[in-house]
Amino acid sequence: MENENSIAAQAEPLTSTAAIAALAALAQESRLAVFRLLVQAGPEGMAATKIAEALAIAPSSLSFHLKELAHANLVTASKAGRSIIYAANYAGMNGLLAFLTENCCAGAPCCVNEPTN
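Taking my numbering, I'd label the letters of the sequence shown as residues 1 to 117.
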């Protein structure tokens, strides 16, 4: 899957089905950890070997988790030489967040206060 194709596919508003797929993909401990790591890594992403090493996930398991995240449009993959670089799909992530908050505060300016630390 190419980065450009995934981002272009996210240009339309998220459907309920796509939101459910994204939430289901994130509702698993290893996949959530992978996605959070890739968000931290930024747009340059990480090679699968580095992800497996950082999270102590077996390569075969990681491959399955990355496939699920990519299917949910939350991760992109691109070839770099002999490696595949995975990155968080920020358009997909933002689409999910927008879907979840679409009707926040009945369309009025957000009434939820930011947490104070």
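Glycine is no exception: its CB is placed at the ideal position from the N, C-alpha and C atoms.
- Between V75 and L38, which are expected to be in contact by the criterion C-beta below 8 Å, what is the C-beta distance as a whole number of angstroms? Correct: roughly 6 Å between the Cβ atoms.
- Name the two residues that bound the continuous beta strand (DSSP E) containing I85. 83-88
- Counting only the same chain and skipping the five closest in sequence on each side, list residues whose C-beta sits under 6 Å from that of Q28. none
- DSSP state of T15 mapped onto helix, strand, coil: coil
- Task: Helix, strand or coil for A72, going by three-state DSSP, please let me know.
- Result: coil
- Item | Anticipated Cβ contact below 8 Å, N89 with N73, distance rounded | 6 Å
- Output the distance between the C-alpha atoms of I57 and A106, rounded to the nearest integer angstrom. 42 Å
- Measure the CB-CB distance between R31 and E68 and report whether it falls below 8 Å. yes
- Query: From I84 to T49, what distance separates their C-alpha atoms?
  - Reply: 9 Å
- Item | Spatial distance of R82 from P59 (CA atoms) | 16 Å
- Item | Simplified DSSP assignment, three categories, for A22 | helix
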